[in-house]
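Working notes, structure below.
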Amino acid sequence: MITLFLPKLASAIPADERAAIEADLMEPITLKLKNRNTVTGNAIRVSEEEIQIASAEGAGEIIFTFQTDEISEISVPGESYKSVATEWMLAGNTEDALELMSMLYAQRGPLLPLLPASESHFFTYYVDLVLNSPKPARAIAIIQTLRPQIEHPAALRALDDSTLKSYQTLELYEQAVPLAEVWVARRKPFGESALGYYVLGAARLRSEAYEEALDLALRPIVFASPIPTDHLAECYAVAIGAALGLRERSYAATLFKEMQTRGFEWPVQDRSLQATLKEISQYIQDHEDIPESH
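Per our numbering, the sequence shown runs over residues 347 to 640.
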């Protein structure tokens with residue numbers, strides 16, 4: 347039987363509100379069948395081919411098994427909480443959003459193979475929240491569940507970005523680099539994200555291929571528009587590291603000053619770039635009157 351184990355996080359949501367959400371999410375699901383019958387109950391086994399439902403019958407229950415091609419629609423309780431989670435996330439209330447998304451994923455995850463693709467699209471936001479949480483490794487398993495269900499090209503690109511970001515965040519560079527190479531080959535440097543250029547440039551920096559690292563990192567910087575570009579700060583950091591590796595310290599300092607002028611903060615989450623920050627900060631302290639970034 348599929349038991350709904352709602353995650354017991356260090357709760358950001360007030361206890362009474364969380365209890366109400368849990369109660370709503372544990373309500374039975376409803377299957378609308380193509381023969382116009384309706385069955386309500388709790389899913390006890392789900393696959394791509396069939397679903398078993400335990401439905402209350404007097405003091406006991408009865409088990410129904412349906413092939414997926416017999417089902418016209420599945421209604422899952424708690425639909426309104428998806429909007430709440432999105433609103434919290436957009437408002438910057440990430441702790442509450444992560445907690446609610448975790449509860450929704452625990453409820454809906456086993457059913458995703460049978461639900462519309464939009465359900466899986468929604469959880470791409472959850473991947474990003476998990477990546478920025480204290481346990482980012484969970485993102486990989488979530489991505490593996492979501493990918494077979496996603497069809498829309500934009501949603502697939504978003505999931506590809508989340509996958510690449512997951513491997514980079516977890517320092518799984520052997521997995522990240524091939525994905526970054528594909529990313530750079532398929533994307534333009536003037537898009538909304540510079541993620542692939544950052545990941546591949548950082549890989550070249552780690553292998554001391556400084557000229558290639560500099561070229562990769564500068565592409566989105568040169569083409570940057572007034573529209574915010576994700577991961578541009580990381581590209582600046584890689585470019586600075588590559589310039590230092592090429593002994594172009596004055597140019598590295600110029601890039602650092604430009605980075606600060608544009609309001610970018612140093613990407614402290616990437617441990618491989620912290621030595622670069624220390625080196626450029628020391629150089630600037632010794633040679634130029636440029637405020638040090640923290």
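Cβ atoms here follow ideal geometry from the backbone N, Cα and C, with glycine treated the same way.
- Straight through space, the alpha carbons of L377 and I399 are spaced by roughly 9 Å.
- Within its own chain, the residues whose Cβ lies closer than 6 Å to the Cβ of E580, once the five positions on either side in sequence are excluded, are Y544 and P613, listed in chain order.
- For K378, there is no enclosing alpha helix (DSSP H); the residue is found in the beta strand (DSSP E) stretching over I375 to L379.
- Contact between A402 and G387 is confirmed by a C-beta separation of about 7 Å, below the 8 Å threshold.
- In the DSSP annotation of this structure, the continuous segment of the beta strand (DSSP E) that includes G387 starts and ends at T384 to V392.
- By alpha-carbon distance to E611, the top candidate from L444, P524 and F602 is F602.
- About 6 Å separates the Cβ atoms of L516 and P482, confirming a contact at the 8 Å cut-off.
- Inter-segment contact for the stretch 557 to 576 and the stretch 489 to 501 is absent: fewer than three beta-carbon pairs are separated by less than 8 Å.
- Collapsing the DSSP output to three states places T411 in a strand.
- The secondary-structure analysis by DSSP pairs S539 across a beta bridge with D576.
- In this chain, the alpha helix (DSSP H) harbouring I367 covers A361 to L371.
- Using a Cβ distance threshold of 8 Å, A599 and I567 do not count as a contacting pair.
- Cβ neighbours of S508 within its own chain (closer than 8 Å, five residues either side excluded): T470, V473, D474, L477, A485 and I489.
- Under DSSP, I399 forms a beta bridge with A389 and F410.
- Rounded to whole angstroms, the separation of the alpha carbons of A504 and A437 is 20 Å.
- For E527, the enclosing alpha helix (DSSP H) begins and ends at Y519 to R532.
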